[in-house]
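Enquirer: Start counting the sequence shown at 0; every next residue gets the next number (numbering that gives the first Met the number 0). Sharing a structure here in structure tokens format.
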Amino acid sequence: MPRRLLLVCALLASVFTFAQQPPAPAAAKPAPRITYIRAGRLFDGTSDSTRENVVIVVQDERIQSIGPAASTKFPAGATVIDLSHATVLPGLIDCHTHLGARADRYDEISRFKDSPFQSAFAAVVNARKTLEAGFTSVRDVGSHPFLAVDLRNSIKEGLVPGPRIVASGPAISITGGHGDLNNYSPQTRVIMFPEERDFAIADGVDQIRHVVRAQVKYGVDVIKIIATGGVLSKGDSPGAPQFTPEELKAAADEAHMAGRKIAAHAHGTQGIKNAILAGIDSIEHASLIDEEGIRLAKEHGTYLVMDIYNDDYILGMAPQFGLPQENIDKEKMVGRLQRENFQKAFQAGAKMAFGTDAGVYPHGDNAKQFFYMVKFGMTPAQAIHAATTNAADLIGRSKDVGSIEPGKYADIIAVSADPLQDVRVLENVGFVMKGGVVYKNLIAGK
Ligand code: ARG
């Protein structure tokens, strides 16, 4: 046989033998981990009411079934978590956090002294506090590039405890806008981070497309853009639009083309409308929204994420941490109006999702906002929906989170009294499970 033919035969033979090999025995699947949770009262997120004495069966990281306690048989040796004296709810969702931000850093100097690594260390601690406060998912909307993406991945890997994170990159801003560092001498070169032209500051449609694409390239889940001035920035006015309608539309189109949602920071009346008309998915703050803005939000199905707790902290505590008078004055302009407009927008039927701007105030205090949501027009059940079902819808995760139903992640919290009677009990969450794993338990008998 010619040598070449021999070689071919040998090769074929080896392929054949390989194909004949019996398949390697599959690694034995570990037995599913089953946990039974007895709930004295359950608000499952699918309605405004609660049910009494039910059992939630959790298999590994998901909810398997829910049924009346009376008819549930617990197999011998089963893991049972006894929350029969508590109210059980879906894990809460905050659609507006900055896990890398600290609420004791309002002075001029620390923004130049703190490195991105310091933010990241703070973020690890803040992620844990957030989870332990009962927030099992957050949408993080602005941090150093790409702190939130890396934190999301580290939490997913199990390296550090924290909520599920829908991560943005740095907020995209015009030159001199709310996301820029302003009011320094032109002789001083002040930049936020070396690649800010790549990742955050954009002027004109082409630069916007570039920045959105670059953020997507580095793994963001969501785009955050600044459509008006802000309160805590220097040299800009919350009422003034930032970016033109064309620029906002380019950002929204580019985000959507990449399958990402886009959130716009907007306090000002006109900027809110520009953002809604551009096709942006949620308006953050929405402080000075008017009737036309509310109508447009309803028409376009745009969510409003109104952070109506943090006025207390900005005016109460932040000055002690060095907040300049300029920013105190701006907060006084928008704080009260934002709460009144929250009530108007909600009563008019605009879609609302819970978001607090955590990082402006200390992480872990997220639930303090429920009190204001109820004070300004929601029932406790509606406020909880804003932080569960509605929030899950806005972050695009309704299949997995936001309610206690079979098939969803076992993201489950409990409080010792009925939040439908007093929503403030959510400020003391005693039990937290995320993906079937218990992270906090101050309530359950075991
Ligand atoms: N990050 C926001 C800004 O600087 C905070 C606004 C807080 N004030 C309020 N009333 N929601 O614009």
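Don't be surprised by glycine CBs; every beta carbon is placed ideally from N, CA and C. The model shown is predicted, which means the values in this text are computed figures rather than measured ones.
1) Would a check of beta-carbon distances place residue 384 closer than 8 Å to chain C?
2) With a threshold of 16 other CB atoms inside 10 Å of the CB of residue 427, please say whether the residue is buried or exposed.
3) According to DSSP, which residues form a beta bridge with residue 93?
4) What three-state label does DSSP hand residue 284 in the structure shown?
5) Is any heavy atom in the ligand ARG found nearer than 7 Å to the beta carbon of residue 284?
6) Whether or not the stretch 334-347 and the stretch 300-316 are in contact is what I'm after, with contact meaning three or more pairs of Cβ atoms, one per stretch, closer than 8 Å; do they touch?
7) Should residue 181 be counted as a contact of the ligand ARG given a C-beta to heavy atom distance under 7 Å?
8) Quick check for students: name the residue ranges of the alpha helix (DSSP H) that lie wholly in the stretch 219-270, counting only runs of 4 or more.
9) Just grab the DSSP bridge partners of residue 51 for me.
10) Indicate, with yes or no, if the ligand ARG has a heavy atom lying under 7 Å from the CB of residue 139.
11) When the Cα atoms are used, what is the spatial distance from residue 443 to residue 436?
12) According to DSSP, simplified to helix, strand and coil, what is residue 66?
13) Is any heavy atom of the ligand ARG found at a distance shorter than 7 Å from the C-beta of residue 393?
14) Would you say the beta carbon of residue 306 comes nearer than 7 Å to a heavy atom of the ligand FAD?
15) Hey, quick one: how far does the beta strand (DSSP E) through residue 457 stretch, first residue to last?
16) Name, in chain order, the residues that DSSP records as bridge partners for residue 172.
17) How should residue 188 be labelled, buried or exposed, when 16 other C-beta atoms within 10 angstroms of its C-beta is the threshold for buried?
18) What is the rounded straight-line gap between the Cα of residue 60 and the Cα of residue 92?
19) What I want to know is whether the C-beta of residue 269 ends up closer than 7 Å to one or more non-hydrogen atoms of the ligand ARG.
20) Output the residue ranges of the alpha helix (DSSP H) runs that lie fully inside the stretch 295-332 and measure 4 residues or longer, sorted by chain position.
21) Excluding the 5 residues flanking residue 441 on each side, which residues of the same chain have their C-beta closer than 8 Å to its C-beta?
22) Drop a sphere of 10 angstroms on the beta-carbon of residue 378, count the other beta-carbons inside from all chains shown, and report buried for 16 or more, exposed for fewer.
23) Nearest to residue 58 by CA position, among 416, 425, 409, is which residue?
Expert: The relevant details are as follows:
1) Among the protein chains of the structure shown there is no chain C, as only one such chain exists.
2) exposed
3) 137
4) strand
5) yes
6) Segments in contact, yes.
7) no
8) 244-256
9) 40
10) Residue 139: no, Cβ never under 7 Å from the ligand ARG.
11) 14 Å
12) strand
13) no
14) In the structure shown, the ligand FAD is absent; the only ligands present are the ligand ARG.
15) For residue 457 there is no data in the structure shown, the boundaries of the chain being 0 and 445.
16) Paired residues: 200.
17) exposed
18) 18 Å
19) no
20) 310-315
21) 429, 430
22) exposed
23) 409
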